[in-house]
Amino acid sequence: MSAQRLSSRQLAARLVDFDTTSAKSNLALIDFVEAYLESHGVTARRTADATGRKANLFATLGPKAAGGVVLSGHTDVVPVDGQPWTGDPFRAVERDGRLYGRGTADMKSFLAVALALVPEALAAGLKVPLHLAFSYDEEVGCLGVGGLIADVKANLPQPRIVIIGEPTNMKLVNANKGIAGFRTSVIGKEAHSSQPQRAANAIVAADELIGFLARVAEEKRDTGPKDGRFEPPYTTLNVGTVTGGNALNIVPRHASFAWEFRLVPGDDGEEIVARFRRFAEQEVLARLRRAAPEAEIVTEGLARVPPLTPEPDSPAEALVRLLTGANRAESVCFATEGGLFQDAGFSTVICGPGSIDQAHQPDEFIELAQIDACEAFLRKLIAWAAKA
Ligand SMILES: [Zn+2]
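Note that my numbering has the sequence shown beginning at 5, numbered continuously upward.
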């Protein structure tokens, strides 16, 4: 194939046109990216999920050496179901200085700019390698990138720095909250609603458990660890879904709810879960079992994303300060893959085009000026990597 030359905007539009909602396969997009890189003589590595329907992609520009800089982004996007979009979310449209479409801000434009500059990076004679790391299933709890990180750790020269291109309006960010997400299912015992003494009401039990979580959340707000860089500055709780019961005149046998804590750096998700399990077992389950020995309370993990902990003057922060001229680092409340890279030993910051305000919204867009700003930033990175 002859080398494909596509602008950042063209590439952003191409990537948006792939419907990579997390529940679906991302392989069409990965195939496209791999063929594009191949056309420039760059061979990519894949790490697939267990079903083979999704894959991460990792590629190296420049020397196959340690000490490189990873440009990291996720390929998946959040669903559009139920959102009032004006046009087709998976047909990118340029209008009024903006590019519209699902994933324009979060975060296909960053991937597009990195890809558009591949020819320039290759021509620059890089001394420090630049790596592209594109993941799947970020939006459902950063589930995909672990395979990519494990592959890099086990098989490749070790990068030194990771830049996560999540939308920060190209500002330097060195901290984000983590997530610990769970689903708890309660199995009680059903009976006609006129006979509650023969039953164990699963919804009432779930309500007690949710009440416990709400009290933990209040405690976190009032006396938990504080980090003034976040708004709000404490660990927060959300109970996002509740289901249970079949009819008003049946004592419900089943109830379940999904819940998460967003943790400030330094707070301990394990501690919350341990206390929750203790309460569930000793208080709620013990009582349910007096009425129904078969009762169960099961809590399964849905997502565990460690916080990105600020490391002032880390190699990543120093590099991005140098390239952007930023003299301070900010923090964001949304979770990213950054903490996973950091926990694997790589110096990590977040800096990418677009605004999180537009992410996950109907009529998601990115200002074209942000794409231009990201291009300028990555050109400086290329120049630095060629000179370093
Ligand atoms: Zn994102």
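For glycine and all other residues, C-beta sits at the position ideal for the given N, C-alpha and C.
Values in this document were obtained by computation on a predicted structure and should not be read as measured data.
CB-CB under 8 Å to residue i, same chain, minus the five flanking residues each way: which ones, in chain order?
| i | result |
| --- | --- |
| P236 | R225 |
| I360 | A109, D110, E170, P171, T172, V336, F338 |
| P316 | N178, A333 |
| M174 | T328, C355, G356, P357, Q374, A377, C378, F381 |
| F9 | Rather than Phe, the amino acid found at residue 9 in this sequence is Arg. Excluding positions up to five away in sequence, the list reads P123. |
Judging by CA-CA distance, which residue of the options is the nearest neighbour of residue i?
| i | options | result |
| --- | --- | --- |
| Y140 | L10, V81, G273, D367 | V81 |
| G145 | S43, I191, G182 | G182 |
| R95 | L241, Q362, R18 | R18 |
| H135 | E321, E223, A32, G72 | G72 |
| A348 | A128, A52, I165 | I165 |
| A322 | D100, G148, L176 | L176 |
| L252 | A195, R291, L289 | A195 |
| E264 | Q286, A330, L217 | L217 |
| L152 | F114, G77, D271, S6 | G77 |
| D429 | P357, I191, S198 | Lying before the first or after the last residue shown, residue 429 is absent from the chain, which here runs from 5 to 392. |
| S113 | I34, G91, Q14, S198 | Q14 |
| S26 | L126, V117, G148, A48 | G148 |
| D21 | R9, S11, T55, V97 | V97 |
| G86 | D367, S12, A373 | D367 |
| P314 | A259, N180, Q362 | N180 |
| F345 | P88, K157, F36, L115 | K157 |
| T90 | R383, K391, Q365 | Q365 |
| E143 | A7, R294, A307 | A307 |
| G248 | V37, T188, Y238, V268 | T188 |
| L289 | A127, S197, D211 | D211 |
| L326 | P269, I386, E298 | I386 |
May I ask whether a heavy atom of ligand 1 can be found less than 8 Å away from the beta carbon of residue i?
| i | result |
| --- | --- |
| T108 | no |
| E142 | yes |
| T340 | yes |
| M111 | yes |
| P93 | no |
| H78 | yes |
| A363 | yes |
| P171 | yes |
List the DSSP bridge partners of residue i.
| i | result |
| --- | --- |
| N242 | E264 |
| I183 | R266, V309 |
| G77 | F138 |
| I360 | None, per the DSSP bridge assignment. |
| H44 | DSSP, once it has assigned bridges, lists no residue as partnering H44. |
| E274 | Answer by DSSP bridge pairing: none, since E274 is not bridged. |
| G248 | A259 |
| F369 | Y104 |
| S351 | I165 |
| N60 | T51 |
| T25 | V81 |
| E98 | L103 |
| S189 | S260, V302 |
Please work out which residues of its chain come closer than 6 Å, Cβ to Cβ, to residue i, disregarding the five sequence neighbours upstream and downstream, and give them in chain order.
| i | result |
| --- | --- |
| V46 | A63 |
| F283 | F216 |
| V277 | none |
| I34 | A59, L61 |
| A128 | I386, A390 |
| R49 | F62 |
| S12 | A116, V117, A120, I375, E379 |
My guess is that residue i and residue j are in contact by the Cβ rule of under 8 Å, so how many angstroms apart are they, rounded?
| i | j | result |
| --- | --- | --- |
| I193 | A203 | Residue identity differs from the one stated: residue 193 is Lys in this sequence, not Ile. About 5 Å separates the two Cβ atoms, so the contact holds. |
| I167 | L103 | Wrong, their Cβ atoms sit about 21 Å apart, outside the cutoff. |
| G273 | A184 | 3 Å |
| G66 | P133 | 4 Å |
| N159 | T79 | Going by Cβ atoms, the distance from N159 to T79 rounds to 21 Å, so no, they are not a contact pair. |
| T421 | A59 | There is no way to answer for residue 421, as the model of the chain reaches only from 5 to 392. |
| T328 | G342 | With 8 Å as the limit, T328 and G342 do not qualify as a contact, their Cβ atoms being about 17 Å apart. |
| I214 | F280 | Not confirmed; about 10 Å, so no contact. |
| K131 | A320 | Actually they do not touch by this definition, with Cβ atoms about 18 Å apart. |
| R383 | L115 | Rounded, the Cβ-Cβ distance is 16 Å, inconsistent with contact. |
| E304 | F186 | 7 Å |
| T239 | G228 | 5 Å |
| V268 | F234 | 6 Å |
Please list, in chain order, all residues of the same chain as residue i whose beta carbon is under 7 Å from its beta carbon, the five residues on each side excluded.
| i | result |
| --- | --- |
| V84 | P93, R106 |
| T340 | I168, E170, N180, L312, I354 |
| R257 | I191, G192, K193, E194, A206 |
| A295 | K193, A203, A204 |
| I363 | Checking the sequence, you will find Ala at residue 363 rather than Ile. A109, D110, P171, listed in sequence order. |
| L119 | L15, V37, Y40 |
| H44 | A7, V122, P123, L126 |
Within 8 Å: the Cβ of residue i and any heavy atom of ligand 2?
| i | result |
| --- | --- |
| T188 | Absence of ligand 2 from the depicted structure is noted, with ligand 1 being the only ligands included. |
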